[in-house]
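> One structure is given below, represented as structure tokens, and several questions about it will come after.
Protein chains: 2
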Amino acid sequence: MTHRPATLSAIRTLLANLAKADDAAMHGAVARNGQLTKPPGALGRLEDVAIWLAGWQGTDTPRIQAPQIAIFAGNHGVVAQGVSAFPPEVTVQMVANFTHGGAAINQLAKTFGASMTVKAIDLDRPTGDFTQTDAMSEADLLVAMLVGWDAVDPKADLLVPGEMGIGNTTSAAAISCALFGGVAEDWVGRGTGVDDAGLARKAKAVRDGVARLTSRDPLAVLAAVGGREIAAMAGAMLRARTLRIPVILDGFIACSAAAILHASAPSALDHCVAGHVSAEAAHTRLLGALNKQPLLSLGLRLGEGSGAALAIGIVKAAAACHSGMATFAEAGVAAG
Amino acid sequence: MTHRPATLSAIRTLLANLAKADDAAMHGAVARNGQLTKPPGALGRLEDVAIWLAGWQGTDTPRIQAPQIAIFAGNHGVVAQGVSAFPPEVTVQMVANFTHGGAAINQLAKTFGASMTVKAIDLDRPTGDFTQTDAMSEADLLVAMLVGWDAVDPKADLLVPGEMGIGNTTSAAAISCALFGGVAEDWVGRGTGVDDAGLARKAKAVRDGVARLTSRDPLAVLAAVGGREIAAMAGAMLRARTLRIPVILDGFIACSAAAILHASAPSALDHCVAGHVSAEAAHTRLLGALNKQPLLSLGLRLGEGSGAALAIGIVKAAAACHSGMATFAEAGVAAG
Numbered sequence: 000m001t002h003r004p005a006t007l008s009a010i011r012t013l014l015a016n017l018a019k020a021d022d023a024a025m026h027g028a029v030a031r032n033g034q035l036t037k038p039p040g041a042l043g044r045l046e047d048v049a050i051w052l053a054g055w056q057g058t059d060t061p062r063i064q065a066p067q068i069a070i071f072a073g074n075h076g077v078v079a080q081g082v083s084a085f086p087p088e089v090t091v092q093m094v095a096n097f098t099h100g101g102a103a104i105n106q107l108a109k110t111f112g113a114s115m116t117v118k119a120i121d122l123d124r125p126t127g128d129f130t131q132t133d134a135m136s137e138a139d140l141l142v143a144m145l146v147g148w149d150a151v152d153p154k155a156d157l158l159v160p161g162e163m164g165i166g167n168t169t170s171a172a173a174i175s176c177a178l179f180g181g182v183a184e185d186w187v188g189r190g191t192g193v194d195d196a197g198l199a200r201k202a203k204a205v206r207d208g209v210a211r212l213t214s215r216d217p218l219a220v221l222a223a224v225g226g227r228e229i230a231a232m233a234g235a236m237l238r239a240r241t242l243r244i245p246v247i248l249d250g251f252i253a254c255s256a257a258a259i260l261h262a263s264a265p266s267a268l269d270h271c272v273a274g275h276v277s278a279e280a281a282h283t284r285l286l287g288a289l290n291k292q293p294l295l296s297l298g299l300r301l302g303e304g305s306g307a308a309l310a311i312g313i314v315k316a317a318a319a320c321h322s323g324m325a326t327f328a329e330a331g332v333a334a335g
Numbered sequence: 000m001t002h003r004p005a006t007l008s009a010i011r012t013l014l015a016n017l018a019k020a021d022d023a024a025m026h027g028a029v030a031r032n033g034q035l036t037k038p039p040g041a042l043g044r045l046e047d048v049a050i051w052l053a054g055w056q057g058t059d060t061p062r063i064q065a066p067q068i069a070i071f072a073g074n075h076g077v078v079a080q081g082v083s084a085f086p087p088e089v090t091v092q093m094v095a096n097f098t099h100g101g102a103a104i105n106q107l108a109k110t111f112g113a114s115m116t117v118k119a120i121d122l123d124r125p126t127g128d129f130t131q132t133d134a135m136s137e138a139d140l141l142v143a144m145l146v147g148w149d150a151v152d153p154k155a156d157l158l159v160p161g162e163m164g165i166g167n168t169t170s171a172a173a174i175s176c177a178l179f180g181g182v183a184e185d186w187v188g189r190g191t192g193v194d195d196a197g198l199a200r201k202a203k204a205v206r207d208g209v210a211r212l213t214s215r216d217p218l219a220v221l222a223a224v225g226g227r228e229i230a231a232m233a234g235a236m237l238r239a240r241t242l243r244i245p246v247i248l249d250g251f252i253a254c255s256a257a258a259i260l261h262a263s264a265p266s267a268l269d270h271c272v273a274g275h276v277s278a279e280a281a282h283t284r285l286l287g288a289l290n291k292q293p294l295l296s297l298g299l300r301l302g303e304g305s306g307a308a309l310a311i312g313i314v315k316a317a318a319a320c321h322s323g324m325a326t327f328a329e330a331g332v333a334a335g
């Protein structure tokens with residue numbers, strides 16, 4: 000069992016010593032897959048997903064019985080720059096909506112049998128406006144990452160980290176631009192629906208935020224232009240890795256959290272699959288930078304973990320087919 | 000209630016007098032969608048699916064609580080032309096596998112809470128080799144279509160027609176080529192995994208089958224080059240239409256059954272959504288001819304209704320979000 004990291008330095012140490020997939024279980028799953036009553040490869044991507052699950056669950060017959068959706072909410076000082084179509088009060092209102100069961104993610108959790116954890120992080124204390132100052136101190140960053148760390152249920156067998164935070168596509172764009180380069184316009188999109196003027200303000204905010212950076216160290220970038228919910232998602236993804244819990248990545252903002260881990264260690268997202276590609280244009284670019292192929296492409300752009308939650312059904316189905324199907328020998332079917 | 004058609008002529012009459020979606024329910028669903036606690040359009044394709052479901056279920060709050068998977072199996076005389084990688088005995092062996100719960104579709108049915116109906120149609124009496132003779136007489140065609148008609152549970156609120164039949168991608172290719180033109184090579188693929196020589200034999204069989212046709216009337220094409228399981232799927236889709244049960248289309252073979260209805264009446268597939276696009280190359284072309292956008296693209300090429308069954312989760316999620324979410328007013332969330 001990995002100890003809870005008490006410092007950013009301990010987090011860096013964890014990132015340099017990542018848990019690995021169980022090769023023997025994966026080899027066993029590959030062998031089993033070849034014996035199942037179907038033509039070779041006929042389940043397409045489901046076969047890859049099942050073998051990947053086998054590696055992280057450490058068994059050649061993986062199952063998804065306890066998926067967890069963990070949602071984190073934070074507020075963003077950068078909304079002062081006019082970057083969102085919604086007022087910042089919506090963050091706390093939507094957290095109440097999650098708690099009362101009225102949001103999209105609640106319906107998706109019920110549909111796919113997932114538990115749901117909601118952590119609102121200091122909503123009355125927005126991050127600093129990153130065009131003017133660092134979003135978070137190192138101490139704030141650590142606290143937020145540990146909210147994510149602590150939120151992961153060690154008994155979960157699949158994790159969907161999700162988020163809510165008015166203004167957070169701007170933060171995600173700044174993180175992406177800082178880590179992967181390009182110009183601000185490459186990484187900003189309409190988010191919840193800003194107009195052309197709002198889009199121009201987002202690009203300027205990203206440009207200004209990135210120009211202020213004194214380091215491209217991933218955790219320094221996260222403190223400078225990130226958000227508490229993004230830090231918490233990164234913490235949850237890292238905790239899941241120590242517990243060998245597979246993770247489904249949601250949209251642009253969740254992937255910006257994943258990008259912090261990826262930029263810290265190339266293999267840090269091996270336990271993650273991309274649940275979907277969203278309608279936020281930069282998500283396609285970011286998935287490319289993370290070298291992840293999305294399972295779904297249905298034009299969602301909601302956040303809340305919704306696209307990843309939708310993919311729980313696909314991942315469950317992959318495990319169920321792989322682990323529940325009969326082999327040719329068991330079923331007395333000619334193998335072709 | 001529509002009477003069970005006793006003749007092919009009665010089926011033609013049904014195709015000329017199709018049930019229509021409930022416009023008022025769709026308008027109600029559009030209005031509700033605009034009030035839900037999310038930015039406009041943020042659930043992407045899920046929103047379209049929910050509104051489509053509303054039209055067929057006749058309510059502005061559709062639900063999926065009783066999905067049915069109906070699988071039909073048939074054997075094909077055209078296997079004598081060496082068109083499949085598997086021997087025809089596999090059809091009956093796989094039906095036994097369905098019955099015993101060992102196939103992929105059984106695991107998918109369990110994962111998504113669907114009931115499953117399996118109808119093996121005269122497996123000991125393959126269709127005629129359509130390169131030499133008609134696959135079915137008109138009487139055989141009617142019987143097979145009515146197997147499909149009768150298999151639909153009137154209490155189902157979503158239907159997935161699926162199939163098993165060694166050789167049936169060749170039949171599906173011949174139907175598609177007859178109805179939509181092009182050359183045989185446009186419509187044949189590797190199916191369960193034929194080699195290059197097998198692929199050439201498939202193309203020749205399709206060419207020979209289409210050359211024998213004396214009519215392009217869709218039901219005549221179905222009798223001449225179709226299969227019993229394909230006819231049954233067409234019958235099930237038509238029955239679902241009379242009952243206003245929405246349908247998820249599976250892969251190339253299920254879509255060749257859908258194509259018979261489409262070619263008979265342009266609106267005959269309005270109650271159908273394409274569950275996925277398969278790895279069988281001609282499926283992309285066929286979906287284009289049917290003017291259907293697939294929900295999923297995961298490289299499946301198994302049949303059994305598997306791709307459509309996987310999409311049950313997406314359709315369920317669409318209904319659950321639409322009908323279960325709070326409105327802005329209910330949740331006290333600012334509408335932006």
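Chains A and B, in that order, give the protein sequences. Just so we're aligned, residue 0 is where the first sequence starts under numbering that gives the first Met the number 0, counting upward by one. Just so we're aligned, residue 0 is where the second sequence starts under numbering that gives the first Met the number 0, counting upward by one. All C-beta atoms, glycine included, are put in the ideal place defined by N, C-alpha and C.
(1) At a CB distance below 8 Å, what residues from the region 69-95 of chain B approach chain A? Give them in sequence order.
(2) With C-beta atoms as the reference, is V159(B) less than 9 Å away from A307(B)?
(3) Output the distance between the C-alpha atoms of H275(A) and T132(B), rounded to the nearest integer angstrom.
(4) With E52(A) as the anchor, note down where its alpha helix (DSSP H) starts and where it stops.
(5) If you draw a straight line from the alpha carbon of V151(B) to that of A119(B), how long is it in whole angstroms?
(6) Could you have a look at Q375(B) and say whether DSSP puts it in helix, strand or coil?
(7) Give me the Cα-Cα distance between P217(A) and L178(A), rounded to the nearest whole angstrom.
(8) Look up Q67(B) in the DSSP assignment and give the residues it is bridged to.
(9) Does the pairing of the region 307-324 of chain B with the region 42-61 of chain B give three or more beta-carbon distances under 8 Å?
(10) Which residues, in order along the region 114-131 of chain A, keep a beta-carbon less than 8 Å from a beta-carbon of chain B?
(11) Just reading off the beta strand (DSSP E) that L248(A) is part of, what are its end residues?
(12) Compare the Cα-Cα distances from D139(B) to each of Q92(B), K109(B) and V224(B) and report the closest residue.
(13) Considering just the uninterrupted stretch of the alpha helix (DSSP H) at V205(A), what are its terminal residues?
(14) By a C-beta neighbour count over all protein chains shown, 10 Å radius and 16 as the cutoff for buried, is A290(B) buried or exposed?
(15) Go to V272(B), then tell me how far its beta strand (DSSP E) extends in each direction, as first and last residue.
(16) In the DSSP assignment, the alpha helix (DSSP H) including T12(A) goes from what residue to what residue?
(17) Please classify T12(B) as buried or exposed, where buried requires at least 16 neighbouring CB atoms within 10 angstroms.
(18) Spell out whether any CB of chain B is found under 9 Å from the CB atom of S296(A).
(19) Taking one C-beta from the region 257-271 of chain B and one from the region 224-238 of chain B each time, how about it: are there three or more such pairs within less than 8 Å?
(20) Considering Cα atoms alone, identify which of V142(B), C176(B) and A65(B) is closest to A233(B).
(21) Rounded C-beta distance between V94(B) and A72(B)? I'm assuming under 8 Å.
(22) Alpha carbon to alpha carbon, what distance is there between S296(A) and H321(B)?
(23) Under 9 Å between beta-carbons, which chain A residues line up against P61(B)? List them in chain order, please.
(24) Against chain A, which members of the region 16-49 of chain B pass a CB distance test of less than 7 Å?
(25) Please confirm if the region 238-254 of chain A is in contact with the region 266-280 of chain A, defined as three or more CB-CB distances below 8 Å between the two stretches.
(26) Under the DSSP definition of a beta bridge, which residues are partnered with T326(B)?
(27) Can you find the residues in the same chain that come closer than 6 Å, C-beta to C-beta, to M135(A), ignoring five residues on each side of it along the sequence?
(28) Using a Cβ-Cβ cut-off of 9 Å, state whether R300(A) counts as contacting chain B.
(29) Hey, how far is the Cα of G190(A) from the Cα of P61(A)?
(30) Within 10 angstroms of the Cβ of V182(A), are there 16 or more other Cβ atoms? Answer buried if so, exposed if not.
(31) Given R238(B), which residues of its chain have a CB within under 6 Å of its CB, disregarding the five upstream and five downstream residues?
(32) Rounded to the nearest angstrom, what separates D156(A) and A5(A) at their Cα positions?
(33) Thinking just about the alpha-carbon of each residue, which of A15(B), F129(B) and A210(B) is nearest to the one in S263(B)?
(34) Any idea if P66(A) is buried or exposed, counting beta-carbon neighbours within 10 angstroms, 16 or more meaning buried?
(35) Is DSSP giving A119(B) helix, strand or coil here?
(36) Residues in its own chain within less than 7 Å of D269(B) by CB, not counting five upstream and five downstream?
According to the data block:
(1) A84, F85, P86, E88, V89, Q92, M93 and A95
(2) Here residue 159(B) corresponds to residue number 160 of the second sequence, with the count starting at 1. Here residue 307(B) corresponds to residue number 308 of the second sequence, with the count starting at 1. Yes. Within cutoff.
(3) Within the first sequence, numbered from 1, the residue matching residue 275(A) stands at position 276. Within the second sequence, numbered from 1, the residue matching residue 132(B) stands at position 133. Whole-angstrom Cα-Cα distance: 48 Å.
(4) For this step, residue 52(A) is matched to residue 53 along the first sequence. For the record, residue 52(A) in the displayed sequence is Leu; it is not Glu. Element bounds for L52(A): R44 to Q56.
(5) Taking the second sequence and counting its residues from 1, the one referred to as residue 151(B) is at position 152. Taking the second sequence and counting its residues from 1, the one referred to as residue 119(B) is at position 120. Cα to Cα, V151(B) sits roughly 15 Å from A119(B).
(6) This structure gives no information on residue 375(B), because the portion of chain B shown stretches from 0 to 335.
(7) To locate residue 217(A), count along the first sequence from 1; it is residue 218. To locate residue 178(A), count along the first sequence from 1; it is residue 179. Each residue's alpha carbon lies about 7 Å from the other.
(8) Residue 67(B) sits at position 68 when you count from the first residue of the second sequence. Answer is S114(B) and L158(B), bridged to Q67(B).
(9) yes
(10) none
(11) Taking the first sequence and counting its residues from 1, the one referred to as residue 248(A) is at position 249. Its beta strand (DSSP E) spans residues V246 to L248.
(12) For the purposes of this step, residue 139(B) is identified with residue 140 of the second sequence, where counting begins at 1. Taking only the C-alpha atoms, the option nearest D139(B) is V224(B).
(13) Here the question's residue 205(A) lines up with position 206 in the first sequence. Unbroken alpha helix (DSSP H) run through V205(A): D195 to R211.
(14) If you number the second sequence from 1, residue 290(B) lands on position 291. According to the sequence displayed, residue 290(B) carries Asn and not Ala. If you draw a 10 Å sphere on the C-beta of N290(B), you find fewer than 16 other C-beta atoms in it, and that means exposed.
(15) Here residue 272(B) is taken as the residue at index 273 of the second sequence, counted from 1. Looking at the DSSP string, the run of the beta strand (DSSP E) that includes V272(B) is C271 to A273.
(16) Within the first sequence, numbered from 1, the residue matching residue 12(A) stands at position 13. Element bounds for T12(A): L7 to L14.
(17) Along the second sequence, one-based indexing puts residue 12(B) at 13. Exposed.
(18) Your numbering for residue 296(A) matches position 297 in the first sequence. Yes - at least one Cβ of chain B is within 9 Å of the one on S296(A).
(19) yes
(20) As a first step, residue 233(B) must be located in the second sequence, where it is residue number 234. Looking at the Cα atoms, V142(B) is the closest of the given residues.
(21) Your numbering for residue 94(B) matches position 95 in the second sequence. Your numbering for residue 72(B) matches position 73 in the second sequence. Between A72(B) and V94(B) the Cβ distance is about 5 Å, and since that is below 8 Å, they are a contact.
(22) Working through the second sequence from its first residue, we reach residue 321(B) at position 322. Working through the first sequence from its first residue, we reach residue 296(A) at position 297. Going by the C-alpha atoms only, they are around 19 Å apart.
(23) Within the second sequence, numbered from 1, the residue matching residue 61(B) stands at position 62. What P61(B) touches in chain A: nothing, since even the nearest Cβ is about 13 Å away.
(24) Taking 7 Å as the cut-off between beta carbons, the residues of the region 16-49 of chain B near chain A are T36, K37, P38, P39, A41, L42, G43, R44 and L45, in sequence order.
(25) In short, these stretches touch, since the Cβ pair count reaches three.
(26) Residue 326(B) sits at position 327 when you count from the first residue of the second sequence. In the DSSP output, where bridge partners are listed per residue, T326(B) has L35(B).
(27) By 1-based counting over the first sequence, the position of residue 135(A) is 136. Closer than 6 Å at the Cβ level, and outside the excluded window around M135(A), lie T126 and A222.
(28) Position 301 of the first sequence, counted from the first residue, corresponds to residue 300(A). Yes, because at least one Cβ of chain B sits closer than 9 Å to the Cβ of R300(A).
(29) If you number the first sequence from 1, residue 190(A) lands on position 191. If you number the first sequence from 1, residue 61(A) lands on position 62. About 36 Å.
(30) Position 183 of the first sequence holds residue 182(A). Looking at its Cβ environment, which holds fewer than 16 other Cβ atoms inside 10 Å, V182(A) is exposed.
(31) On the second sequence, position 239 is the one that residue 238(B) refers to. Counting only Cβ-Cβ distances below 6 Å, and skipping sequence neighbours, we find W148 and V151.
(32) Taking the first residue of the first sequence as 1, we reach residue 156(A) at position 157. Taking the first residue of the first sequence as 1, we reach residue 5(A) at position 6. Each residue's alpha carbon lies about 25 Å from the other.
(33) As a first step, residue 263(B) is located in the second sequence; it is residue number 264 there, counting from the start. Per the Cα distances, A15(B).
(34) Position 67 of the first sequence, counted from the start, is the residue given in the question as residue 66(A). Buried, by the Cβ-count rule.
(35) On the second sequence, position 120 is the one that residue 119(B) refers to. DSSP places A119(B) in the strand class (E or B) of the three-state scheme.
(36) The count along the second sequence starts at 1 and reaches residue 269(B) at position 270. The answer, listed in chain order, is A20.
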